[in-house]
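FYI, in this note's numbering the residues of the sequence shown are 209 to 367. Virtual Cβ for every residue (Gly too), placed ideally from N, Cα, C. Owing to the predicted nature of the structure, the values given are computational and were not obtained by experimental measurement. First comes the structure, then the notes that go with it.
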Amino acid sequence: MTLQTAPRAPLPPFSFEDAVQKVRMAEDAWNSRDPAKVAMAYTPDTRWRNRDTFLNGRTEVQAFLTDKWAKENGYRLIKEIWAHAGNRIAVRFCYEWHDEDGQWFRAHGNENWAFDANGYMAVRHASINDVPIADAERLFHWPQGRRPDDHPGLTKLRL
Numbered sequence: 209m210t211l212q213t214a215p216r217a218p219l220p221p222f223s224f225e226d227a228v229q230k231v232r233m234a235e236d237a238w239n240s241r242d243p244a245k246v247a248m249a250y251t252p253d254t255r256w257r258n259r260d261t262f263l264n265g266r267t268e269v270q271a272f273l274t275d276k277w278a279k280e281n282g283y284r285l286i287k288e289i290w291a292h293a294g295n296r297i298a299v300r301f302c303y304e305w306h307d308e309d310g311q312w313f314r315a316h317g318n319e320n321w322a323f324d325a326n327g328y329m330a331v332r333h334a335s336i337n338d339v340p341i342a343d344a345e346r347l348f349h350w351p352q353g354r355r356p357d358d359h360p361g362l363t364k365l366r367l
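Written as C-alpha cells, this is what we have:
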C-alpha cells in the first residue's frame, strides 16, 4: 500500500462524529496553506468545481491552491458541518483574507463532498461569495495556521 492509497481515516460510511472530524481535518489542512499537503487529501483523479473553475486531479488542485494562496493574504478559514450521509458530507464555511492593497474580504460558501472507500475526497463542489469588509469587521484573529480549539465556530460567531 502506498501513501496515495493508504486509508485516510475516518472512512465512510461516516457517523456524525466521523463527519465532524473529517470537516475539522479539512479546515486544519486548508489553514496550513500548504498546497501539496492539502492536495494529498483528494483522490488522484478528484473532480472539483470551485466557483467558476473546474479542476481534474491532484496536480490541478495543487496548482489552483498555490495560485489562490499567493493572492489571498492573511487567509483564515472556519468550516462547519451542515449534513452527512454515507460517503458524503456537506459543509458551510467562511474565510477572511485581504488582497495586495489591504482590502479585507469575508468569503461565505458551501461545499458538497463525496469520498472514496479509502477516505479520500473524490468530488468537491464549492459555491463561494466574497464580501468586502472593513478591518474592524474582521472576526478571525488567531495567528496564521490552525484555528485554536477555543476560538468560536461559525454558529457562535452568528455567521
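- In this structure, residue 296 sits near residue 320, with a CB-CB distance shorter than 9 Å.
- Cβ atoms of residue 222 and residue 286 stay farther apart than 8 Å, at about 20 Å.
- For residue 287, the uninterrupted beta strand (DSSP E) segment begins and ends at 281-293.
- By the criterion of a C-beta distance shorter than 6 Å, residue 282 is surrounded in its chain by 305 and 306, once the five residues flanking it on both sides are discounted.
- By the Cβ-count criterion, residue 273 is buried, with 16 or more other Cβ atoms from all chains shown falling within 10 Å of its own Cβ.
- Here the alpha carbons of residue 316 and residue 329 stand approximately 21 Å from one another.
- Bridge pairing for residue 239: absent [DSSP].
- Following the DSSP letters along the chain, one finds residue 217 in no beta strand (DSSP E), marked with neither H nor E.
- Just so you know, the alpha carbons of residue 308 and residue 227 end up roughly 35 Å apart.
- Taking a cut-off of 8 Å for Cβ pairs, the segment 330-339 and the segment 229-236 do not touch, as fewer than three such pairs fall below it.
- For the options 299, 266 and 288, the alpha carbon positioned closest to that of residue 361 is the one of 288.
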